[in-house]
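J.:
In this note's numbering, the protein residues as written are 1 to 406.
1. With a 10 Å radius around its C-beta and 16 neighbouring C-beta atoms as the bar for buried, classify residue 154 as buried or exposed.
2. So residue 88 and residue 111 are in contact, right, with Cβ under 8 Å, and what is the actual spacing, rounded?
3. Report yes if the C-beta distance between residue 391 and residue 219 is below 7 Å; otherwise report no.
4. Take residue 484 and list the residues in its own chain whose beta-carbon comes closer than 8 Å to its own, dropping the five residues that flank it on each side.
5. Between which residues of its own chain and residue 326 is the CB-CB distance below 6 Å, once the five residues before and five after are set aside?
6. With a cut-off of 8 Å, do at least 3 Cβ pairs link the segment 58 to 74 to the segment 94 to 114?
7. Is the segment 365 to 381 touching the segment 303 to 321, taking contact as three or more C-beta pairs under 8 Å?
8. Compute the distance between the beta-carbons of residue 345 and residue 270, then report whether it is under 7 Å.
9. If you pair each beta-carbon of the segment 121 to 138 with each one of the segment 336 to 351, do three or more pairs fall below 8 Å?
10. Looking only at its chain, what residues have a beta carbon closer than 7 Å to the beta carbon of residue 180, apart from the 5 residues adjacent to it on each side?
11. Over what stretch of residues does the alpha helix (DSSP H) that includes residue 159 continue unbroken?
12. Please identify the residue among 214, 272 and 204 whose C-alpha is closest to the C-alpha of residue 253.
13. Can you list, in chain order, the stretches of the beta strand (DSSP E) that have 3 or more residues and sit fully within the segment 243 to 327?
14. Can the beta-carbon of residue 272 be found closer than 7 Å to that of residue 347?
15. Please return the same chain residues whose Cβ sits closer than 6 Å to the Cβ of residue 47, not counting the five positions on each side in sequence.
16. Short of 7 Å in beta carbon distance, which residues of its chain neighbour residue 10, apart from the five on each side in sequence? Order them along the chain.
17. Kindly indicate which residue of 122, 63 and 44 has the alpha-carbon position closest to the one of residue 384.
18. Check residue 73 in the structure and name its three-state DSSP category.
19. So, at 8 Å on beta carbons, what are the nonlocal neighbours of residue 232 in its own chain, with the 5 sequence-adjacent residues on each side left out?
20. In the DSSP assignment, what are the bridge partners of residue 378?
21. Closest to residue 275 by C-alpha separation, out of 201, 319, 170 and 117, would be which residue?
22. Which one of 43, 36 and 95 has the shortest CA to CA distance from residue 56?
23. Out of curiosity, what's the CA-to-CA distance linking residue 5 and residue 44?
24. Identify the continuous alpha helix (DSSP H) that holds residue 127 and give its terminal residues.
25. When you compare only the Cα positions, how much space is there between residue 224 and residue 161?
26. Put residue 114 into one of helix, strand or coil per three-state DSSP.
27. What separation, rounded to the nearest whole angstrom, lies between the Cα atoms of residue 114 and residue 42?
28. What's the call for residue 353, buried or exposed, on a 16-neighbour Cβ count within 10 Å?
29. Where does the unbroken beta strand (DSSP E) through residue 387 begin, and where does it stop?
30. Look at residue 282 and residue 263 and say whether their C-beta atoms are less than 7 Å apart.
31. Out of 298, 378 and 362, point me to the one whose CA is closest to residue 341's CA.
32. Does the Cβ of residue 34 have 16 or more other Cβ atoms within 10 Å, making it buried, or fewer, making it exposed?
33. Can you give the Cα-Cα distance for residue 128 and residue 80, rounded to whole angstroms?
34. From the DSSP secondary-structure annotation, give me the bridge partner or partners of residue 149.
35. Using the beta-carbon count (16 or more within 10 Å), is residue 24 buried or exposed?
36. Where residue 54 and residue 197 are concerned, what is the direct C-alpha to C-alpha distance, given to the nearest angstrom?
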């Protein structure tokens, strides 16, 4: 029996309030910005701009079934099949909006790119900015190594030590971003900044607590629900409606853990990593219905960080302290999480639609096996193109993996 937490109504309310904010600001003529994951999302609320997210919109298209046609449109227009799925889907929606899921993203007045994971965000932001003839700004975070960052907590992103030279570089770029947004959206309001970061701090703490509770026995929630937390962590962290969502979501999962209830009759505990296949989220439900639950989703974990309102610029820089933006020595923190969660196996998603996240898949599988004796099942699963992952073939592989472990 599959028994999810019941976050569906909470998400519906969250998205409704987010869209209402967008509509209100559009009526007021506020500027529209396009942003990417790991950007300092609090600034959206500090400057009261309309926000749109190509990655989130592409995931929405994949869930609604339009991404395949949009990807094909991009490829037929000369873009390579091997480019990012999110990029191809977004480009397809720009070239042929009639094929895209509605509502479309509003046209941008400016674009903010980041490099806190994806090296292609630079080019994506550049292509979109050229197409719409709008200004763009790029925040370049370092790729962290053991010489510049040490002993990072995999969930909170709290670090024992960080090289101040690199940290100050990031902070300088973030301050330049503030200057860029002032030219577009009006003067910077320091009091508004403090208020937004107070909200962001509370929301970030609740997200971390929810993910800690997910490691309880039995696993209390489904990845079909937990996976959407990335929308909050990446894109709306500084909003009052995100805080409201997290307060209610935390109470739901806390109560379930208190009662000792799980998402299913737990037989196995899996770690999972990879951008979620938004077109086939039933993959997680299929595993869970067979008693293979997911107390750890490293993709979701990577999206969160502990915000400190007293030091907003340092907090924005800390977004980049996740293991997929660090050298392989930072897998030590992942192994600690896996050990704490007491996992039996791992479901890892190799993704032709995202080469960056796929680069860590095999090193992660090796470390799990060598350090914990935990086997991995690696599935090819692009985030927006279901043709690369026939669901029945995936289910057959999952069945065999589960059978081997029981």
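Just so you know, even glycine gets a beta-carbon here, dropped at the ideal spot from N, CA and C.
T.: Checking against the coordinates, here is how it stands:
1. buried
2. About 17 Å separates the two Cβ atoms, so there is no contact after all.
3. no
4. Nothing can be reported for residue 484, as the shown portion of the chain is limited to 1 through 406.
5. Taking C-beta separations shorter than 6 Å and ignoring five residues to either side along the sequence, the partners of residue 326 in its chain run 144, following chain order.
6. yes
7. no
8. Yes. Within cutoff.
9. no
10. Answer for residue 180: 137, listed in chain order.
11. Counting along the chain, residue 159 falls outside any alpha helix (DSSP H), though it belongs to the beta strand (DSSP E) covering 159 to 162.
12. 214
13. 268 to 273 and 292 to 297
14. In contact: residue 272 and residue 347 (Cβ atoms closer than 7 Å).
15. 181 and 185
16. 245, 248 and 249
17. 63
18. helix
19. 14, 203, 207, 242, 245 and 246
20. Note: residue 378 sits in a beta bridge opposite 348.
21. 117
22. 36
23. Residue 44 has its alpha-carbon roughly 30 Å from the corresponding atom of residue 5.
24. 121 to 132
25. 35 Å
26. Residue state, collapsed to three classes: strand.
27. 14 Å
28. Around the C-beta of residue 353, 16 or more other C-beta atoms lie within 10 Å, and the residue is accordingly described as buried.
29. Careful: residue 387 lies outside any beta strand (DSSP E) and carries neither H nor E.
30. no
31. Of the candidates 298, 378 and 362, 298 places its Cα closest to the Cα of residue 341.
32. Taking every protein chain shown into account, the CB of residue 34 has 16 or more other CB atoms within 10 angstroms, so this residue is buried.
33. 16 Å
34. Answer is 162, bridged to residue 149.
35. exposed
36. 24 Å
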